[in-house]
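Below is one structure, written out as structure tokens, with a few remarks after it.
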Amino acid sequence: DTGVSQNPRHKITKRGQNVTFRCDPISEHNRLYWYRQTLGQGPEFLTYFQNEAQLEKSRLLSDRFSAERPKGSFSTLEIQRTEQGDSAMYLCASSSAGSLINEQFFGPGTRLTVL
Amino acid sequence: GIQVEQSPPDLILQEGANSTLRCNFSDSVNNLQWFHQNPWGQLINLFYIPSGTKQNGRLSATTVATERYSLLYISSSQTTDSGVYFCAVKGADYKLSFGAGTTVTVRA
């Protein structure tokens with residue numbers, strides 16, 4: 252297993268365009284998380300899935316953001332009508348619900364630049 | 034949510050020096066993790082340490098859960114230790130709450 256993977260690694264888009272990011276968690280992990288990190292700050296939680304169910308959403312996740320995990324494996328995060336304030340690193344993490352140790356492992360991130 | 038404070042915000046070390054990074058948190062936690070973020074943005078897991086002491090090579094960590102703090106020790110620092118170190122905690126919910134990080138610069 253090669254860990255959590257994310258695609259694309261970089262995305263440059265114009266304001267008003269839609270973008271979609273993909274996250275593939277560690278294969279045996281059924282918990283998946285999205286975080287956002289802006290320059291000079293720590294990551295902030297966006298949303299959480301257990302299998303295909305989205306169980307928690309942050310208030311940071313405006314109605315322009317939607318996340319899915321249709322088959323309980325990979326997840327997508329879509330941002331509609333992007334704004335310059337959406338420019339950030341989007342990080343995905345996964346963990347195992349079957350373990351007493353709920354350690355989260357992160358992917359390399361997708362860096363979004365909105366022009 | 035749980036508030037996490039890390040200190041110092043910045044740390045400049047000469048190669049070979051030892052250092053201590055601190056993480057204070059505002060409520061009971063059932064998960065605490067230390068990460069090192071490399072220049073490309075990847076968060077690398079250092080320790081999963083909700084309580085007790087662990088060591089991994091030149092790094093060690095101690096969490097005193099009853100007093101709501103954790104310490105990360107770097108001994109005999111090397112230039113490759115440079116980067117941002119984050120402490121993150123998890124309470125009763127699912128998410129990790131991160132501190133603002135400590136930026137470590139190790140000079141040769």
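Protein sequences appear in the order of chains S and E. Each step along the first sequence adds one to the number in this note's numbering, with nothing skipped, and position 80 is 331. Each step along the second sequence adds one to the number in this note's numbering, with nothing skipped, and position 56 is 89. Where is the CB? At the ideal position from N, CA and C, for every residue including glycine.
Give me the Cα-Cα distance between Cys-274(S) and Leu-328(S), rounded to the nearest whole angstrom. Using only the alpha carbons, I get a separation of about 8 Å.
- prompt: Of all Cβ atoms in chain E, is any one closer than 8 Å to the Cβ of Gly-336(S)?
  reply: Judged by the 8 Å Cβ criterion, Gly-336(S) is not in contact with chain E.
| message | Just checking: is the beta-carbon of Asn-57(E) within a distance shorter than 8 Å of some beta-carbon in chain S? | response | No, no contact with chain S.
Residues of chain E with CB closer than 9 Å to the CB of Leu-306(S), please, in chain order.
Correct list: Tyr-127.
| message | Taking 8 Å as the threshold (beta carbon to beta carbon), is Asn-353(S) in contact with chain E? | response | At a cut-off of 8 Å, the C-beta of Asn-353(S) has a neighbouring C-beta in chain E.
When DSSP builds the beta bridges, which residues end up paired with Glu-48(E)?
Its beta-bridge partners do not exist; DSSP assigns none.
Next item on the list: Compile a chain-ordered list of the residues in the region 113 to 141 of chain E whose CB is closer than 8 Å to at least one CB of chain S.
Entry: Residues passing the 8 Å Cβ filter: Phe-119, Ala-121, Lys-123, Asp-126, Tyr-127, Lys-128, Leu-129, Ser-130, Phe-131, Gly-132, Ala-133, Gly-134.
Residues sharing a beta bridge with Val-197(E), DSSP: Here chain E covers residues 34 to 141 and nothing more, so residue 197(E) does not appear.
I want to see whether chain E comes within less than 8 Å of Leu-290(S), judged by CB atoms only; does it?
Not an interface residue.
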